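Undergrad: In this note's numbering, the protein residues as written are 27 to 209.
All C-beta atoms in this analysis are idealised placements derived from N, C-alpha and C, irrespective of residue type, glycine included.
No experiment lies behind these values; they were computed from the predicted model shown.
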Amino acid sequence: MSSDRVALNKEIAFQKWEGYAKPIDRGRHVNFGEKFVFAPDYVMMSPHFNDGTPQSAAEMFSDEVAAAMAEYAPDGDMLTAEWRMWWKHMPDYRLVSPFECVAGEWGFSSCDTYAGTLPDGSVLELREWDYIWINEAGEVTRWDWFVDPDKWEQLLALVGLEPKGLTSQQYTVNFLREGGSRN
Numbered sequence: 027m028s029s030d031r032v033a034l035n036k037e038i039a040f041q042k043w044e045g046y047a048k049p050i051d052r053g054r055h056v057n058f059g060e061k062f063v064f065a066p067d068y069v070m071m072s073p074h075f076n077d078g079t080p081q082s083a084a085e086m087f088s089d090e091v092a093a094a095m096a097e098y099a100p101d102g103d104m105l106t107a108e109w110r111m112w113w114k115h116m117p118d119y120r121l122v123s124p125f126e127c128v129a130g131e132w133g134f135s136s137c138d139t140y141a142g143t144l145p146d147g148s149v150l151e152l153r154e155w156d157y158i159w160i161n162e163a164g165e166v167t168r169w170d171w172f173v174d175p176d177k178w179e180q181l182l183a184l185v186g187l188e189p190k191g192l193t194s195q196q197y198t199v200n201f202l203r204e205g206g207s208r209n
């Protein structure tokens, strides 16, 4: 096992964690850092989108997503737009678990807990499990993510989305409209 490659994958994992853990400290800006780079043909999969069918970057980038990006995130910053959507309902929403990952030559896995205070004072927590594959060039080639279904449905209800049949494109357009730079 190449210790350099494992160390790089762990650093990429840390930059992802830090991007989600410290956005409030960074002026409400979400950024994964310079080492977290997607390969042009990367794939994402979650059982909560597209009925669990993996999608390539090209498939995720529909005409509707492109139009919403042009209008609401012309600078390309989709991460911050997604979090602005959550901050409208939970101003303190962030990753609250300490950094922990299992890195290997293939990439890394991690389990994170996100939390935010709802208007009624209760705290909504969501656990996420990520499996992220990284190629020899240090680019993310695949990201599979899983969350607690009940908590995910609570989050989606906050932003008016129905979980059944939800596509990644519908979710993306919604967070761009709700949290984009024009809002």
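I'd like the span of the beta strand (DSSP E) that includes residue 162, first residue to last.
TA: Careful: residue 162 lies outside any beta strand (DSSP E) and carries neither H nor E.
Undergrad: Within 8 Å, do at least three Cβ pairs link the segment 95-104 to the segment 115-126?
TA: No, the segment 115-126 does not touch the segment 95-104.
Undergrad: Along the alpha helix (DSSP H) that carries residue 46, what are the first and last residues, could you check?
TA: Residues 29-47.
Undergrad: Under the three-state reduction of DSSP, which class applies to residue 77: helix, strand or coil?
TA: Residue 77 falls in the helix class under three-state DSSP.
Undergrad: Tell me the rounded alpha-carbon separation between residue 133 and residue 126.
TA: Their Cα atoms are separated by approximately 14 Å.
Undergrad: Please classify residue 162: is it buried, with 16 or more other beta-carbons within 10 angstroms of its beta-carbon, or exposed?
TA: Classification of residue 162: exposed, given that the 10 Å Cβ count is below 16.
Undergrad: Check residue 175 in the structure and name its three-state DSSP category.
TA: Helix at residue 175.
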